[in-house]
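Residue numbers for the sequence shown, in my numbering: 578 to 1161.
C-beta: ideal position from N, C-alpha, C; glycine also.
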Amino acid sequence: MAFVRNYLLSPFKTHWKLLLILSAPAVLLGLFGLHQLGRLTPANAVSLSLVKGLCECCFIGLGLALLNLIGLKNKWILSVIGFVYYFLMTADFVLLIYFRERFGAKYLDTVQGGDYNFMTDWRLLTYFALVFLFCAFVFRRFFTATPVKDTLRRAVVCLAGFLLLLTWTPLQFLSAPNDFYTSYLVPPSIIYTLQTKLAQTPPARFELDKQTAALAREYNVFSAQNTGVGRPYNRVILIAAESLSNKYMHHFNPRIPPQASAPLDTLYKNYPSASLKHVSLSTLYGLSVIFTSHPFVKLTYENGYPVSFVRMLKERGFHTAFLRGANETYMDEHLLFKQAGFEEVIGATYFKTRDDYKKHVNWWGLLDRKLFDYALEFLSEHKNEPTFITVLTVDSHVPLGRLDYLEEPYTEIDHKDYKTPTLPRAFARFGQDVEHFLDGLKQRGLWDDKTLVLITPDHPSYSNMPTVDLFTPFRPEFDNLPFIILTRKKITAPVTADPLASQLDIAPTILDLLNIEPPAAFFGHSLFDVNAKRSVFDIKEDFAIVTTSQRQQVVPLRSTRPSDKNLLNLMSTFTNSRPVLPRQ
């Protein structure tokens, strides 16, 4: 006890209150993370609070000791440093709200090119002011410069404790998957971001060895096949609605006013449709899964999109174009999507050069209604050749959707949550834009027996703010993604009702509809293949959630367990050959 008192506790006798108070926000972040991940139980909450609180104390204590040693002891400067630290922690909080992931390397890459005018909102400015006042109060009230000897001892103890908690934690004794989720939330925000930035991605594999083939049979992947539903469509339009989720449609959520989502509800009811599980988050990742039916997006784009139905259409003579309201160069998607097979990527930079469109570019990009107008123009220009376009909207981008619709006329919804900018309002207007687009196809003679229109989002939006009342009580299927297939001659073949239908099934479905043989590398199955056994591979920043009809498991991407490594090998495989699979 004398050793503990003299060497472990005594260096903190002047700083323990400071460290406890400064660590409290991180503990609250951890508890919120458990809530967002669906793992907030008393045992998890207590365990994580103790471990994360201690880890945060050690990290902050180490940082303050190092600043003290280099002579930085001014309380106002320390307050500014503290503010920056909590600013980074806020990014973690925001990502947990919107995507139920932490702020890692994937999202760090999305920072460039975004619209940040919302940061001038008085509510956000008030929040930042309160954070700074908190830092200033705590440092001025509790910080005391200490002698070099005590500071060195405190730095050593904090460093040892911090490294110990990062490499070994008692949280590993919790039951799976609670052991993983609690440990996932332990590292301080800035450390987590650095870890993901420096982490090595498992290498892509292009050969199907015996062990991987056996797993492929178990999870029924690399086995997509057509069902005979296909027709010779030569005008294919994929509408990718930014962040659309089931919860914004009255069909799934009765608290949504019927008139708000009537256009989408009518289409969903009257045409072949499905509710899909998402596989990846952020626009680049969600769309890449749609194009490739492969869950490991980072490996996909780092290897030049080894498989893509878009490239297959291009090779068969389709003119392929990606139309978006936002800037073409966002996250280098103008380059990456060309690798996926798009001949043209057209966005806000182009629209700013057009007198008839540039006045409609603001916020994140071109107004959706004008984007649909351009899509009609593009389709008319290419009326006499096979054409595939993806139309990615932007007006429903988080956090509140478009703020200014530039006096474009929309039918207003008589409900309090639709009176001001909110995502529900944005999706109500998206439905009206879809109606406008479909009417335009008919007026231009583009709605014929060879036209195929597909509507689905790029990814879901998990945030329910500020319209929480619309999503209470919450149901898990609210976060699923609608998928609608529109044709002039209605397709009567049944669509699967499998709850494990996912974004992985979109590419096989499109090729099935076009009667093009799917490649071996697809993980999904046509939605018209009602007998296929499905598996969902949802790959996050540094772990994957693998779901079958029998179980769900969490697989850390840097796991050393043999069973996990085998699954990682499966998820990293881009194969040209099919395993011998029994027909389900």
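Determine the contact status of residue i and residue j, defining contact as a CB-CB distance below 8 Å.
i	j	result
VAL938	ALA952	no
LEU948	GLU985	no
VAL806	ALA1070	yes
LEU1081	PRO872	yes
SER1154	TYR675	no
ALA1084	PHE1099	yes
LEU639	LEU762	no
ARG794	PRO1156	yes
ASP1115	VAL856	yes
THR860	ASP1035	yes
TYR810	PRO1059	no
SER1079	VAL1113	yes
THR1064	PHE799	no
ASP1056	ARG1111	no
GLY610	LEU673	yes
ARG770	LEU858	Residue identity check: residue 770 is Thr in the sequence provided, not Arg. Contact: no.
LEU1163	ILE966	Past the edges of the chain, shown from 578 to 1161, lies residue 1163, and the structure says nothing about it.
GLY863	THR773	no
PRO1037	SER822	yes
LEU533	LEU785	There is no way to answer for residue 533, as the model of the chain reaches only from 578 to 1161.
GLY738	LEU631	yes
LEU599	ILE654	no
ASN621	LEU751	yes
PRO1001	ILE833	yes
LYS683	GLU1094	no
SER1103	ALA851	no
Does the Cβ of residue i have 16 or more other Cβ atoms within 10 Å, making it buried, or fewer, making it exposed?
i	result
HIS592	buried
MET889	buried
GLN1042	The sequence given here places Met at residue 1042; Gln does not occur at that position. Label assigned to MET1042: exposed.
VAL725	exposed
ARG647	Before going further, note that residue 647 is Ile rather than Arg in the sequence given. Answer is exposed; the Cβ neighbour count stays below 16.
PRO1159	For PRO1159, the predicted structure reports a pLDDT of 48, less than 50, and the residue's modelled location is therefore unreliable. The matter cannot be settled from this model.
GLU905	buried
LEU702	exposed
SER865	buried
HIS908	For the record, residue 908 in the displayed sequence is Met; it is not His. Per the 10 Å Cβ criterion, buried.
ARG1052	exposed
MET826	buried
GLN1009	buried
GLN1161	At GLN1161 the pLDDT is 43, less than 50, meaning the model places this residue with poor confidence; the figure from the coordinates comes in the next sentence. Under this definition GLN1161 is an exposed residue.
SER1149	buried
THR535	With the chain represented from 578 up to 1161, any question about residue 535 goes unanswered, as that position is not in the structure.
Based on the DSSP output, what are the partners of residue i in its beta bridges?
i	result
LYS854	SER1079
PRO1133	PHE1120
ASN939	GLY942
PRO1058	Sequence check: residue 1058 is Leu here, not Pro. Looking at the DSSP assignment, LEU1058 forms a beta bridge with LEU853.
ARG782	THR1150
VAL1113	THR1124
VAL922	PHE899
THR1064	LEU1029
Could you pull the start and end residues of the alpha helix (DSSP H) that residue i belongs to?
i	result
PRO831	No alpha helix (DSSP H) holds PRO831; DSSP gives it neither H nor E.
VAL734	725 to 744
PRO840	839 to 847
PRO619	619 to 646
ILE1068	Where ILE1068 is concerned, there is no enclosing alpha helix (DSSP H), given that its DSSP letter is neither H nor E.
LEU948	945 to 958
LEU913	910 to 916
GLU985	Per DSSP, GLU985 belongs to no alpha helix (DSSP H) and is neither H nor E.
ASP1010	1000 to 1020
GLN613	593 to 613
THR1150	Premise fails: THR1150 is in no alpha helix (DSSP H) and is neither H nor E.
VAL657	652 to 675
LYS683	682 to 685
GLU678	Segment: none, GLU678 is in no alpha helix (DSSP H) and carries neither H nor E.
LYS891	886 to 892
GLY863	860 to 869
THR759	755 to 761
VAL715	699 to 719
Taking the beta strand (DSSP E) that residue i belongs to, which residues open and close that run?
i	result
PHE928	Taken as a continuous stretch (DSSP letters only), PHE928 belongs to no beta strand (DSSP E), being part of the alpha helix (DSSP H) at 925 to 928.
HIS896	896 to 901
PHE965	964 to 969
LEU1029	1028 to 1034
ALA818	812 to 818
Are at least three pairs of beta-carbons, each pair with one atom in the region 834 to 845 and one in the region 1115 to 1123, less than 8 Å apart? no
Touching by the beta-carbon criterion (3+ pairs, under 8 Å), the region 642 to 654 and the region 664 to 672: no
Indicate whether the contact test is met: 3 or more Cβ pairs, each with one atom in the region 751 to 761 and one in the region 646 to 663, closer than 8 Å. no
Could you check whether the region 986 to 1003 touches the region 916 to 934, counting it as contact only if at least three pairs of C-beta atoms, one from each stretch, sit closer than 8 Å? no
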